[in-house]
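Each remark here refers to the structure printed beneath this line.
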Amino acid sequence: MRNRRKGLPAACVAVLAVAPLHAHAVRVDYAVDAGVERNDNVLMSSTDPTESSALRAGVGFVVAEETSTVQANIGGRFDYWNYVDGPQSNTFETSLSGRLNWFFVPETLSFTIEDSLEMRPIDRFAPDSVDNRQRVNVLSLGPNLHFNWSQAVRGRAEVRWIDSSAEEEDEFESQRVSAALHAIRALDQTSSVTLSLRGQDVDFDNDLTARDYRRYDGYVRYQKQLVRLGFAFDAGYTWVDYADGSSASHPMLRGQLDWQFSPRNALSLGLAHQLTDSSDSALQGIGAVTEVPDSLSSATSAVDASVYEEDRIDLTYAYRHERVDFTIGPYYERVDYVDPTGFDETRRGVVLQLSYRLSQTWDLRTFADVARSNFTDLGLRTEDKRFGLGLSRTWSRHWSSALDYLHYRRDDEGPFGDSRQNVWYLTVTYRNR
């Protein structure tokens, strides 16, 4: 019998809750909001749009601590929709991204917990709607041993147990055991070189739809961190040996550059040419959360059990001013699955965000998100466009309200056809800071 293990996200939250955070060092920021939503096509139907009204409540939070004993950064959001009319049932959606490292023995033995919880599509070809989302959780935990190879080289050994689960995709569910060894040599106060070896054993719950395998990675990383410029590059190779006797291999090239070239302007560039999978990609995507999330973390790509070759580039430019915040981020990604059951895909798009402070109490914000996907094996193309406009009013240090409008349109050459959606949302928010 299939076991979806829905309790894993809650279990992870419980583990993080009992972690040894220090009251004098930990920082907790949160926001609680409630509002009314009106949607003119809640199921994104191309032939029979159905209107719906909902009462929505949500909470977002960030927990952070940086001491010699505990290094933690956890951010998440929980939303509940109570639909007062329409064809859909009430919905609870969640997202969480975080990492916690706890030193049991100072500078020697630590324990790491990482978790990525996102809303993902059930059917990649269908438009985004309340009945086409599922919770996907990847939890990783295990010990780390820190030691010195020599006076110039530090070492770190890691063991991880990784659990991947999805509400609807049973072929994705798996358990993994991973072991890694790192040798780190500091070149100077700003740069270092790391040699890493990793082995991973992957056991899927459903052997009829997914192939168990062992994966091996070997790579060298060079990184440098200056006052306004930081970058890191990985170069290596990946081997995958399947339980049925077949195998695959691929070069690994990754890079990340962050440049604060003036007090108000910043540029970020990410590159990847590698062999990866949905679970590994989710853990790699865990980053530092600096602001309380006001929306759920989601992804347009569905999860799959297959390993795939990935070519990716993303560029982000950000401008920060007293009254204006502007961000633009184009991206490109090509996914080529090793298993013939996967549908190869090329994704490209751009995300733009702009906010303007009208006065000390009024803010105007807008965004545009345009994404195009080509499925080469099927000769199919989809295009998703989202445009939003919002006006917010700050009443006091803790209280604010906002009115938001969202337009979503899907152009689909496949069986789902073209669809349109307009959403209005009026909300009241309380923030603790």
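In case it helps, mature numbering (1 follows the signal peptide of the UniProt record, and there is no 0) puts the sequence shown at residues -25 to -1, 1 to 408.
Glycine included, every Cβ here is placed at the ideal spot set by N, Cα and C.
Just so it is clear, the structure is predicted and the values come from calculations on it, not from any experiment.
The Cβ-Cβ distance between SER104 and LEU228 does not fall below 8 Å. With 16 or more other CB atoms across the displayed protein chains lying within 10 angstroms of its CB, PHE147 is buried.
The DSSP-derived three-state label of GLU266 is coil. Residue range 45 to 58 is occupied by the beta strand (DSSP E) that includes ALA47. Burial is judged here by how many other beta carbons sit within 10 angstroms of a residue's own beta carbon; GLN396 has at least 16 and is buried. A distance below 7 Å between beta-carbons, with the five flanking residues on each side excluded, links VAL326 to the following residues of its chain, in chain order: GLY304, ASP344. Nearest in C-alpha terms to TYR331, of all of TYR188, ARG368, PHE206, ARG323, is ARG368. Taking 8 Å as the cut-off, the beta carbon of LEU242 is found closer than this to the beta carbon of TYR292. Nearest in C-alpha terms to LEU246, of all of PHE236, ARG239, GLN259, is GLN259. Under the three-state reduction of DSSP, GLN259 is assigned to helix. In the DSSP assignment, no residue is bridged to PHE318. Per DSSP, reduced to three states, the secondary structure at GLU146 is helical.
It is roughly 11 Å from the alpha-carbon of GLY220 to the alpha-carbon of ARG189.
PHE79 and THR87 have their C-alpha atoms spaced approximately 11 Å apart. A residue is called buried once 16 or more other Cβ atoms fall within 10 Å of its Cβ, and GLY51 is buried on that count. Contact check for ARG361 against LEU378 fails: the beta carbons are separated by 8 Å or more. Cα atoms of ARG340 and ARG110: separation of roughly 29 Å, rounded to the nearest angstrom. Excluding its 5 nearest sequence neighbours in each direction, LEU30 has C-beta neighbours in its own chain below 7 Å: VAL11, ASN57, VAL59, listed in chain order. In the structure shown, SER254 adopts helical secondary structure according to DSSP, grouped into three states.
In chain order, PRO24, GLN396 place their CB closer than 6 Å to the CB of ASN16, counting only its own chain and leaving out the 5 sequence neighbours on each side.
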